[in-house]
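Here is the structure we will look at.
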Amino acid sequence: MNSSSYFDFASLSTLKHADSVKQPGASKEVLQKFEALFIDQMLQAMRKATVRSELFDTQGMKMYESMFDKEVAEELAKSGGLGLTKVFERQLGLESKNQSEKKFTLERSNRSLPFNKSKAVSLYNSQLVTD
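All residue numbers for the sequence shown refer to the working numbering, where the first residue is 4 and numbers rise by one.
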């Protein structure tokens, strides 16, 4: 990622432009920003669920914790985080596979699995008896 700050809005517009002109790597950066946003939302929800003392329940402390959570989320997303970026890359077909690997995956997914009808019927009947 180009930016080290969660609050750098200029980097978001740069990412938007880079993705629109299909620069390589721009999609991964967008996915990392999304993962950082998701992690930040998780951290905010965890903070709300925590019992707080009056000593540390000031506006300044809340602002500090919010900024800290955003930076932690950004760093977690950069370092792999929860793995959402990789999952989304795989789902969107953005990961770097060569064509033969993609073709093999598609061919395997179209094959039917072996099916033993008598075993399936006996399992089904045994479920009917136990229910």
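For every residue, glycine included, the Cβ atom is placed at its ideal position computed from N, Cα and C.
Indicate whether glutamate 92 and leucine 34 have their beta-carbon atoms separated by less than 8 Å. Going by C-beta atoms, glutamate 92 is nearer than 8 Å to leucine 34.
Give the secondary structure of leucine 97 by DSSP, where H, G and I count as helix, E and B as strand, and everything else as coil. Three-state result, leucine 97: coil.
For glutamine 102, which of helix, strand or coil comes out of DSSP? Confidence is the limiting factor: at glutamine 102 the pLDDT is only 49, short of 50, which leaves the residue's position unreliable, though a coordinate-based value still follows. Taken through DSSP and simplified to helix, strand or coil, glutamine 102 comes out as helix.
Separation of glutamine 47 from glutamate 38, as counted between CA atoms: Approximately 14 Å between the Cα atoms of the pair.
Just curious, the alpha helix (DSSP H) that valine 33 is in, first and last residue? Run containing valine 33: 29-52, per the alpha helix (DSSP H) assignment.
Assign leucine 85 to one of three DSSP states: helix, strand, or coil. The three-state reading of DSSP puts leucine 85 in coil, since its state is none of H, G, I, E or B.
Assigned exposure category for threonine 88 - 16 Cβ within 10 Å defines buried: By the 10 Å Cβ count, threonine 88 comes out buried.
Quick one: what's got a C-beta closer than 7 Å to phenylalanine 59's C-beta in the same chain, skipping five residues either side? Nothing listed; no residue qualifies.
With the cut-off set at 8 Å, would you say aspartate 43 and alanine 76 are in Cβ contact? Yes; because the gap between Cβ atoms is below 8 Å, this pair is in contact.
I need the DSSP call for asparagine 119, collapsed to helix, strand or coil. The three-state reading of DSSP puts asparagine 119 in coil, since its state is none of H, G, I, E or B.
Top-ranked residue by Cα proximity to glycine 83, from Ala29, Thr17, Lys65, Lys36: Residue Lys36 is the option with its Cα nearest to glycine 83.
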